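Please read the structure below before turning to the comments.
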Amino acid sequence: MERPIRVLVAKPGLDGHDRGAKVIARALRDAGMEVIYTGLRQTPEQIVATSIQEDVDVVAMSILSGAHNHLFPSVVKLLNKEGIEDILVIGGGVIPEDDIPSLKEAGIAEIFTPGTPTTETIRYIKENVKR
Amino acid sequence: MFDKKKLTKINEDKQKWEETTLNKTLERFPERKDKFTTGSGEEVERLYTPNDIEEIDYNEDLGFPGKYPYTRGVQPTMYRGRLWTMRMYAGFATAEESNKRYKYLVEQGSTGLSVAMDLPTQIGYDSDHPLAQGEVGKVGVAIDSLADMEVLFDEIPLDKVSTSMTINAPASVLLAMYIAVGEKQGVSEEKLRGTIQNDILKEYIARGTYIFPTEPSMRLITDIFEYCSKNVPKWNTISISGYHIREAGSTAAQEVGFTLANGIAYVEAAIEAGLDVDKFAPRLSFFFNAHNDLLEEVSKYRAARRLWAKIMKERFNAKNEKSMRLKFHTQTGGSTLTAQQPDNNIVRVAIQTLAAVMGGTQSLHTNSKDEALALPTEDSVRVALRTQQIVAHESGVTNTIDPLAGSYYVEAKTKEIEDEAMEYINKIDNIGGAPKAIDMGYIQKEIMDAAYKYQKEVETDERIVVGMNKYKVEEETPKGLLKVDPAVGEKKKEQLIKLKQQRDNEIVKQKLSSLKKACEGDENVMPYIIDAVKVYATLGEICGVMREVFGEYEQSVRL
Numbered sequence: 001m002e003r004p005i006r007v008l009v010a011k012p013g014l015d016g017h018d019r020g021a022k023v024i025a026r027a028l029r030d031a032g033m034e035v036i037y038t039g040l041r042q043t044p045e046q047i048v049a050t051s052i053q054e055d056v057d058v059v060a061m062s063i064l065s066g067a068h069n070h071l072f073p074s075v076v077k078l079l080n081k082e083g084i085e086d087i088l089v090i091g092g093g094v095i096p097e098d099d100i101p102s103l104k105e106a107g108i109a110e111i112f113t114p115g116t117p118t119t120e121t122i123r124y125i126k127e128n129v130k131r
Numbered sequence: 001m002f003d004k005k006k007l008t009k010i011n012e013d014k015q016k017w018e019e020t021t022l023n024k025t026l027e028r029f030p031e032r033k034d035k036f037t038t039g040s041g042e043e044v045e046r047l048y049t050p051n052d053i054e055e056i057d058y059n060e061d062l063g064f065p066g067k068y069p070y071t072r073g074v075q076p077t078m079y080r081g082r083l084w085t086m087r088m089y090a091g092f093a094t095a096e097e098s099n100k101r102y103k104y105l106v107e108q109g110s111t112g113l114s115v116a117m118d119l120p121t122q123i124g125y126d127s128d129h130p131l132a133q134g135e136v137g138k139v140g141v142a143i144d145s146l147a148d149m150e151v152l153f154d155e156i157p158l159d160k161v162s163t164s165m166t167i168n169a170p171a172s173v174l175l176a177m178y179i180a181v182g183e184k185q186g187v188s189e190e191k192l193r194g195t196i197q198n199d200i201l202k203e204y205i206a207r208g209t210y211i212f213p214t215e216p217s218m219r220l221i222t223d224i225f226e227y228c229s230k231n232v233p234k235w236n237t238i239s240i241s242g243y244h245i246r247e248a249g250s251t252a253a254q255e256v257g258f259t260l261a262n263g264i265a266y267v268e269a270a271i272e273a274g275l276d277v278d279k280f281a282p283r284l285s286f287f288f289n290a291h292n293d294l295l296e297e298v299s300k301y302r303a304a305r306r307l308w309a310k311i312m313k314e315r316f317n318a319k320n321e322k323s324m325r326l327k328f329h330t331q332t333g334g335s336t337l338t339a340q341q342p343d344n345n346i347v348r349v350a351i352q353t354l355a356a357v358m359g360g361t362q363s364l365h366t367n368s369k370d371e372a373l374a375l376p377t378e379d380s381v382r383v384a385l386r387t388q389q390i391v392a393h394e395s396g397v398t399n400t401i402d403p404l405a406g407s408y409y410v411e412a413k414t415k416e417i418e419d420e421a422m423e424y425i426n427k428i429d430n431i432g433g434a435p436k437a438i439d440m441g442y443i444q445k446e447i448m449d450a451a452y453k454y455q456k457e458v459e460t461d462e463r464i465v466v467g468m469n470k471y472k473v474e475e476e477t478p479k480g481l482l483k484v485d486p487a488v489g490e491k492k493k494e495q496l497i498k499l500k501q502q503r504d505n506e507i508v509k510q511k512l513s514s515l516k517k518a519c520e521g522d523e524n525v526m527p528y529i530i531d532a533v534k535v536y537a538t539l540g541e542i543c544g545v546m547r548e549v550f551g552e553y554e555q556s557v558r559l
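One line per chain: the protein sequences are X and F, in this order.
The numbers in my numbering rise by one with no breaks, and the one at position 102 of the first sequence is 102.
The numbers in my numbering rise by one with no breaks, and the one at position 402 of the second sequence is 402.
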């Protein structure tokens, strides 16, 4: 049997709003994925270290504080520095539409904004996971 | 509340009505759903009658405004005397920019300030800390030292306004800075009016801006209670907050139950520290959410007032009536706003405003329509403030006190929420109190279960959110959102370098070392913090000293 998709749900930065991250984590788990949730206040370095240690296929980050333009790309950069190209990196939260193109350019595969059904995120992960 | 014979008759008539009139209609026109539920998912009956509230005793359970158990309100005249304080939470970028926004709000009729601080400030880091990168000035104003507070309140007379500060873990430091600014303006501390949130327990539960472990955090809070009861008597020393618990996904009854359980923990801690309950309890205040289910929300506020009054009187033997009064601030529900068709949010906020006002709030922040997308623009903040003014001056609901009292449904619902909240309090008592229940993750899990259930209901269209899962339209990208200048972080770093060059670093060192000793001992730390901020020790330095002595809280992570 193929092993389940492993996802790291992460909260980078100082933002404490974790309802979205926890709901997503539960929904992914209910969809049969293996989910690791980091808890709050993770630095990009910690997130990358955990994703390597846990051998995940997906890193799903959530930010509602407005720090996404700095923190999301930092995680991708650090992953690349470690030579990791096969982890799908996605993000969600209160993220203005105008910021999305540059985030995608920086290597965040998809951004999910408020009101996105969890089913859509699940479908996206299943279709785009890189292994 | 009703005559026994009449109740029996009503019951008989109701049964008759069901068997004949109602059933006939149901056969031809079935109801839209099998089960009707509140915003919190509680089942609602088709019809409420005097039989549903037969156990309620008017004098004992409702009473009169300004009298125990305060179900009908905490003041004898409520809004006929004075309207609630229209207090808009605001703050972003630098102290200069936030100061401008405050002056604008005061010009527009805002009657109290409410300061939003950025996350590094809330977590006790200066703007140049590595973890502050990308966060400086984002969700609020960045405060590094007294210098920033001086700019923030420039030309705002602190003896005229009341100021609420959403600050928790480092609340004592920000209060100290406020006291110092007052002194510079010639306003002595006993004249200062305002509130610090100072509610660490809900930070562990739901909001996330904690620093220190539970025990030293509780000590800092009781130190503030003590200091203020002696020196800053008009200051609300804590705002025990259900708001964030609800935003995290709780039900209305959980919001009341968990918030009052936290309240109980603070009262116990203060009593244990040797304070007299009637000295500090009058300055406790609360903070609740307002969601869309109008009648459930009104019932919630009424239930919270009645339950707290009983707890203070019966559990803590408070004698002072002021100790039993639950005064509260309300904010409309951020999580009810949709990013889709944002104009619809204006209507949601109007309903929530009505709920808060008919529930007897003492102050209110109304959210702006664009807050599911970004921080609000000045224009959308104005509409939000106008919503309060329309309810205040045009809706008529302010003309009489507690206008929904006596509604069979609202009274039954008030009782139901009170009972359910009390059940949660009993459970938490059995666990050993709120701090322990939080450490075990019990409260967090209850909230998460409710949040997940809600999400499922939205995704299966059991629950309709207009514009999000029904009545959708193709939309263009919203334009004109507020953007915080990314250069704010750099600017703040430069200011910090300058500050550290200009101040007397030797005296800063001395004051920090005295503070450290006070933290290690059991003296009240407030005077030491005030001394340190006055010589421009930074927030990060002061919290750094406390981190060294107290350590840091570790979150228990579970899904």
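All residues carry an ideal CB built from backbone N, CA and C; glycine is no exception.
Bear in mind that the values here come from a model prediction, so they are computed numbers and not experimental data.
Asked: Under 7 Å between C-beta atoms of threonine 377 of chain F and leucine 482 of chain F; Found: yes
Asked: Amino acids of chain X, ordered along the chain, whose beta-carbon sits closer than 9 Å to that of threonine 338 of chain F; Found: Pro114, Gly115
Asked: Interface residues of the segment 49-65 of chain X facing chain F [CB-CB below 8 Å]; Found: Ser65
Asked: Boundaries (first-last residue) of the alpha helix (DSSP H) holding glycine 91 of chain X; Found: No alpha helix (DSSP H) contains glycine 91 of chain X, which is instead part of the beta strand (DSSP E) from 88-93.
Asked: Candidates F:Ile390, F:Ala372, F:Glu96, F:Glu55: closest to valine 357 of chain F by CA position; Found: F:Ile390
Asked: Distance, arginine 32 of chain F Cα to aspartate 419 of chain F Cα; Found: 29 Å
Asked: Residues bridged to leucine 284 of chain F (per DSSP); Found: F:Ile238
Asked: Backbone secondary structure at lysine 103 of chain F - three-state DSSP; Found: helix
Asked: Reduced DSSP secondary structure (H/G/I, E/B, other) of valine 112 of chain X; Found: One point to set straight first is that residue 112 of chain X is phenylalanine, not valine, in the sequence displayed. Strand at phenylalanine 112 of chain X.
Asked: Members of the segment 360-374 of chain F that neighbour chain X once the beta carbon cut-off is set at 7 Å; Found: Ala372, Leu373, Ala374
Asked: Residue nearest to glutamate 296 of chain F in terms of C-alpha spacing, selected from F:Asp148, F:Ala93, F:Trp17, F:Ala412; Found: F:Ala412
Asked: Any chain X beta carbon closer than 7 Å to tyrosine 408 of chain F; Found: no
Asked: Closer than 8 Å at the beta carbon, the chain F residues around arginine 26 of chain X; Found: Met448, Tyr452, Leu559
Asked: Cβ of glutamine 14 of chain X within 7 Å of any chain F Cβ; Found: According to the sequence displayed, residue 14 of chain X carries leucine and not glutamine. Output row for leucine 14 of chain X: interface = yes.
Asked: For tyrosine 37 of chain X: DSSP bridge partner residues; Found: X:Val9
Asked: Proximity below 7 Å, CB of alanine 384 of chain F to CB of threonine 366 of chain F; Found: yes
Asked: Beta-carbon proximity list for tyrosine 37 of chain X, same chain, < 6 Å, skipping 5 on both sides; Found: Val9, Ala25
Asked: C-beta atoms of threonine 166 of chain F and alanine 116 of chain F nearer than 7 Å; Found: yes
Asked: Cβ-based neighbour list, aspartate 504 of chain F, same chain, cut-off 8 Å, excluding 5 preceding and 5 following; Found: Val535
Asked: Straight-line Cα distance separating threonine 387 of chain F from serine 395 of chain F; Found: 10 Å
Asked: Chain X contact residues for glycine 249 of chain F, given Cβ-Cβ distances below 9 Å; Found: Arg19, Lys22, Val23
Asked: contact_flag[the segment 255-275 of chain F, the segment 215-226 of chain F] where n(CB pairs < 8 Å) is 3 or more; Found: yes
Asked: Within-7 Å CB hit, glycine 93 of chain X to chain F; Found: no
Asked: Inter-residue Cα distance where the pair is glycine 13 of chain X and glycine 124 of chain F; Found: 14 Å
Asked: Opening and closing residue of the alpha helix (DSSP H) in which arginine 123 of chain X lies; Found: 118-128
Asked: Inter-residue Cα distance where the pair is valine 48 of chain X and alanine 106 of chain X; Found: 16 Å
Asked: Short Cβ contact (7 Å threshold) for serine 285 of chain F with serine 250 of chain F; Found: no
Asked: CB contact check: leucine 539 of chain F to chain X, cutoff 7 Å; Found: no
Asked: Beta carbon of alanine 350 of chain F nearer than 7 Å to that of leucine 373 of chain F; Found: no
Asked: Which of helix, strand or coil DSSP assigns to tyrosine 89 of chain F; Found: strand
Asked: Residues bridged to phenylalanine 328 of chain F [DSSP beta-bridge criterion]; Found: F:Phe286
Asked: Residue-chain proximity (methionine 546 of chain F, chain X), Cβ-Cβ < 7 Å; Found: no
Asked: Residue-chain proximity (threonine 332 of chain F, chain X), Cβ-Cβ < 7 Å; Found: no
Asked: Test: isoleucine 123 of chain F CB closer than 7 Å to a CB of chain C; Found: No chain C is present in this structure, whose protein chains are X and F.
Asked: Below-7 Å beta-carbon distance, glutamate 120 of chain X vs any chain F residue; Found: no
Asked: C-beta neighbour in chain F for alanine 109 of chain X, strict 7 Å; Found: no
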